[in-house]
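Quick note: the sequence shown, position 29, residue 21 per this note's numbering, numbers continuous.
The structure under discussion appears below in the form of C-alpha cells.
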Amino acid sequence: MRFLLFFIVSSFFLTSCGSNNNTRFKFEGFTYRDPVGNILSIDPTDWNFTDNWNSQEHALFEESKQTCILNNDMLRILAFPNPIVSDFNLQIDKNNESLFSYRVVDQNFNLYFSGDSITDQSIRFKLKENIDVKGNILRVYYKVIEENCEYIGHGDIEIYPY
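Written as C-alpha cells, this is what we have:
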C-alpha cells in the first residue's frame, strides 16, 4: 500500500514539475462592453498596462524594452463591443508621441491580427468567416512604446458562438 501511495505521489510531482514553455493558455473572463464602449461588467485582469509576461508572451513581439513604471494616467485602452459577432474596435488613449503594437492570438498562440509602431488612436478589426474561433476567446497582447520603455498588457475578446 505504501508503495502504491509513493508511486502516485511521485508520478504527480514528476508530471507537474516539468517545464513546458509552450503551455496552452486557458483564456477566461472578459470585460463586457456594449457597441459604443460602455462597461457592462469588468474582468480586472484585462486592459491594464501592468502585466508580467512570460517568455512565450514576450516572443510574440520582435523587440522589447524595459517595462515602464505606470505613472501615466493618460493611458487607456478598451475593446468594444465585447463579446463580438464579427467586428470589434480598439480605442487607445496615449501620448501622441507613443507608438502602439499588438498581437491577437487564440489559446494556442495562433496569430490572427498584428500591427507595429501604430500612431492611430483607433483600430477596427473584422473577423473573416473562415476563421474558426466562434465560441472561443481571443487575447489581444499590446504595448504602448515610449522612448526608453514600454507599457504592456492584455485583454480578452469573446466571439459569439453563432
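A virtual CB, placed ideally from N, CA and C, is assigned to each residue, including glycine.
Output needed for residue i: all residues of its chain with C-beta closer than 8 Å, excluding positions within five of it in sequence on either side, in chain order.
i    : result
D85  : M66, L67, R68, I69 and Q113
T111 : N88, L91 and F92
Using only alpha-carbon positions, find the residue among the options that is nearest to residue i.
i    : options                : result
S47  : F101, T37 and F80      : F101
E138 : H50, Y152, F41 and F80 : F41
C141 : P27, N30 and I61       : I61
N30  : W45, N44, P75 and F19  : P75
I156 : H50, I149 and E49      : Not covered by the structure: residue 156. The range shown for the chain is -7 to 154.
In or out: residue i buried (at least 16 other Cβ within 10 Å) or exposed?
i    : result
N14  : Any reading at N14 needs caution, since the residue's pLDDT is 48, under 50, leaving its predicted position unreliable; the model's value is listed next. Exposed, because fewer than 16 other Cβ atoms sit within 10 Å of the Cβ of N14.
I151 : buried
K135 : buried
P73  : buried
Enumerate in chain order the residues of its own chain whose CB-to-CB distance from residue i is below 6 Å, with the five nearest sequence positions on each side excluded.
i    : result
S33  : Y24
G147 : D38, W39, A71 and V132
G107 : Y94
S109 : L91
R116 : N81
D79  : K118
G21  : D35
Bridge partners of residue i, per DSSP?
i    : result
D85  : R68
L103 : V97
H146 : Y133
N74  : R25
Leaving out five residues before and five after residue i in sequence, what residues of the same chain have Cβ atoms less than 7 Å from its Cβ?
i   : result
H50 : S56
- Message: Does the segment 73 to 93 come into contact with the segment 56 to 63, if we say contact requires no fewer than three beta-carbon pairs (one atom in each stretch) closer than 8 Å?
- Response: no
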